[in-house]
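So that you can map any letter, position 236 of the sequence shown is 236 in UniProt numbering, and since no number is skipped, the others follow by simple counting.
Working notes, structure below.
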Amino acid sequence: MRNIARHILRTKFWLAVACVSAMLAGCAQFKYYMQAAQGQYSLWSDARPIEDWLGDPTTDPQLKARLEKALLIRKFAVKELGLPDNASYKNYAALSRPFVLWNVVATPELSLRPIQWCFPIAGCVSYRGYYSKEDALAYAEELRKERDDVQVGGVPAYSTLGWFSDPLLSTFINYSDAELARMVFHELAHQVVYIPGDSQFNEGFATAVEEAGVARWLELYGTDPMREAYLRYNARRQDFLALLVRHRTMLADLYASKTSTRHKRSEKARIFAHLKSDYVKLKESWGGYAGYDRWFAEPLTNAHLSAVGTYHDYLPAFRALLKQERTFVRFYGAVQKIATLDVGQRRQQLELLGRPPMLNAEGGKAAPVAAEGMH
Numbered sequence: 001m002r003n004i005a006r007h008i009l010r011t012k013f014w015l016a017v018a019c020v021s022a023m024l025a026g027c028a029q030f031k032y033y034m035q036a037a038q039g040q041y042s043l044w045s046d047a048r049p050i051e052d053w054l055g056d057p058t059t060d061p062q063l064k065a066r067l068e069k070a071l072l073i074r075k076f077a078v079k080e081l082g083l084p085d086n087a088s089y090k091n092y093a094a095l096s097r098p099f100v101l102w103n104v105v106a107t108p109e110l111s112l113r114p115i116q117w118c119f120p121i122a123g124c125v126s127y128r129g130y131y132s133k134e135d136a137l138a139y140a141e142e143l144r145k146e147r148d149d150v151q152v153g154g155v156p157a158y159s160t161l162g163w164f165s166d167p168l169l170s171t172f173i174n175y176s177d178a179e180l181a182r183m184v185f186h187e188l189a190h191q192v193v194y195i196p197g198d199s200q201f202n203e204g205f206a207t208a209v210e211e212a213g214v215a216r217w218l219e220l221y222g223t224d225p226m227r228e229a230y231l232r233y234n235a236r237r238q239d240f241l242a243l244l245v246r247h248r249t250m251l252a253d254l255y256a257s258k259t260s261t262r263h264k265r266s267e268k269a270r271i272f273a274h275l276k277s278d279y280v281k282l283k284e285s286w287g288g289y290a291g292y293d294r295w296f297a298e299p300l301t302n303a304h305l306s307a308v309g310t311y312h313d314y315l316p317a318f319r320a321l322l323k324q325e326r327t328f329v330r331f332y333g334a335v336q337k338i339a340t341l342d343v344g345q346r347r348q349q350l351e352l353l354g355r356p357p358m359l360n361a362e363g364g365k366a367a368p369v370a371a372e373g374m375h
């Protein structure tokens, strides 16, 4: 009865959130907020404490092993990294879909500047999330009819920023130990510091935490094969990012030029064809590793490249700050102080710590990119 009552309260709460949000944003947004509320509630409904799964004789032994590993990672996050000791990642939900949600990213036809959507908690972001792939594809089609470039990408995990208890999900529980740790560390870091509307800051900080956290995890719990595998993974990720940055720069130069729209369209097609052929060569250098193939599942557009840089522009600055502060607790305190500055002062402070961030075609900052499963 207690669980039923709790679920009823949660349902009423989310309906209230959806109604208030719809009133704030207009009636046209009501359907979108309702699917978001229902999607989040479904995660709660499906999630059970990890101890329940471990104590259930019908639970698959392989899943039990992954959940036990996740508990170890969760304890490590608190003890060694100073991340929040709350109810997040202490429950598990088995979903009947490959991703928890699908993000829609869009740009104008001849621009790399992503379209922004603004929400009550997260602020303004360069994507719109849907718990149904069909809904995401339908909205993407609406944007394409307006001649926007669009990408629809699956997301294995996300953070509610500490507002609610985020569960472990079947969409990422079977990642390797290092990848599972990376995902948990990254999402928990968002609960430490998050600035609505500043994706570069948020993702750079969380990436620095995940990077240092996984290095420490592998040092204490990893084997030589695990460490070697993670080094290969990181090398591939850097290779892929460099490939995207190179072609993004070509497009930025093209869109900034004073040539005709017709010429820009033909050159745009040539650059994307070149990107695909270069990726084939890169895969060959990796021995055929296909982990990024799903990135090419749709026809390539500006939307695929609009996000390059968000996870990495300020990463050198956060790395330097962590090295300077020496401990995670001191590092978090320093980051929280920077977060109180206005956007100009924040960027100036980070640029003093690390290299200047990459600029997009219009001279603004680049928006988020997902690489090999990152949210």
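Note that CB positions come from ideal geometry on N, CA and C, so glycine has one too.
Keep in mind it's a predicted model, so treat the numbers as computed, not measured.
For residue j and residue i, the rounded distance between their alpha carbons
i, j, result
"LEU101", "TYR255", "32 Å"
"LEU137", "SER260", "31 Å"
"ILE271", "GLU284", "20 Å"
"VAL104", "TYR127", "5 Å"
"TYR292", "PRO299", "14 Å"
"GLY39", "SER45", "10 Å"
"MET226", "HIS190", "26 Å"
"PHE240", "THR310", "15 Å"
"LEU243", "LEU322", "28 Å"
"LEU188", "HIS247", "32 Å"
"TYR41", "LEU161", "16 Å"
"LYS258", "SER111", "13 Å"
"ARG346", "VAL184", "26 Å"
"LEU218", "ALA178", "7 Å"
"LYS337", "LEU352", "15 Å"
"ARG216", "PHE99", "28 Å"
"SER277", "GLU51", "48 Å"
"PRO120", "TYR32", "13 Å"
"LEU169", "LYS69", "14 Å"
"ILE173", "GLN200", "27 Å"
"LYS268", "ARG113", "15 Å"
"GLU80", "ILE115", "39 Å"
"LEU282", "PHE296", "14 Å"
"VAL335", "VAL193", "8 Å"
"PRO61", "GLY197", "42 Å"
"ALA235", "VAL78", "28 Å"
"ARG319", "ARG182", "16 Å"
"TYR249", "GLU141", "Residue 249 is actually Thr in this sequence, not Tyr. Rounded to the nearest angstrom, the two C-alpha atoms are 27 Å apart."
"TRP163", "HIS263", "49 Å"
"TYR279", "HIS312", "20 Å"
Opening and closing residue of the beta strand (DSSP E) in which residue i lies
i, result
"VAL152", "149-155"
"ARG128", "128-130"
"GLY123", "123-125"
Exposed unless 16 or more other CB atoms sit within 10 angstroms - verdict on residue i
i, result
"ASP166", "buried"
"LEU220", "exposed"
"MET23", "At MET23, the pLDDT of 45 sits below 50, so the modelled position is not reliable; the number obtained from the coordinates is stated separately. Classification of MET23: exposed, given that the 10 Å Cβ count is below 16."
"HIS7", "Legend: pLDDT at HIS7 = 40, less than 50; position of this residue unreliable, value from coordinates given subsequently. Per the 10 Å Cβ criterion, exposed."
"SER266", "exposed"
"GLN348", "exposed"
"SER96", "exposed"
"GLY203", "Gly is not the amino acid found at residue 203; the sequence shown has Glu there. Per the 10 Å Cβ criterion, buried."
"GLY288", "exposed"
"HIS274", "exposed"
"GLY333", "exposed"
"THR223", "exposed"
"SER176", "exposed"
"GLY55", "exposed"
"TRP53", "buried"
"VAL125", "buried"
"residue 379", "Lying before the first or after the last residue shown, residue 379 is absent from the chain, which here runs from 1 to 375."
"ALA65", "exposed"
"VAL150", "buried"
Host alpha helix (DSSP H) of residue i (start-end)
i, result
"VAL280", "261-285"
"ARG347", "343-353"
"ARG236", "224-256"
"LEU43", "30-46"
"ARG144", "133-145"
"ARG319", "315-325"
"ARG330", "328-339"
"HIS304", "302-305"
"TRP298", "The sequence given here places Glu at residue 298; Trp does not occur at that position. Here GLU298 belongs to no alpha helix (DSSP H), and DSSP marks it neither H nor E."
"ASP52", "50-55"
**Report entry** Entirely enclosed beta strand (DSSP E) segments - the stretch 66-116, minimum 3 residues
**Finding:** 91-93, 101-107
Requested in this report: Could you say if the stretch 302-313 and the stretch 334-346 meet the contact criterion of at least three C-beta pairs nearer than 8 Å?
Outcome: no
Query raised in the report: Of all the alpha helix (DSSP H) runs that stay within the bounds of the stretch 148-206, which reach a length of 4 or more residues?
Result: 177-192
**Report entry** Contact between the stretch 142-159 and the stretch 226-237 (3+ Cβ pairs under 8 Å)
**Finding:** no
**Report entry** Any 3 or more C-beta pairs closer than 8 Å across the stretch 76-92 and the stretch 133-149
**Finding:** no
Requested in this report: May I ask you to verify whether the stretch 205-213 touches the stretch 317-334, counting CB pairs closer than 8 Å and requiring at least 3?
Outcome: yes
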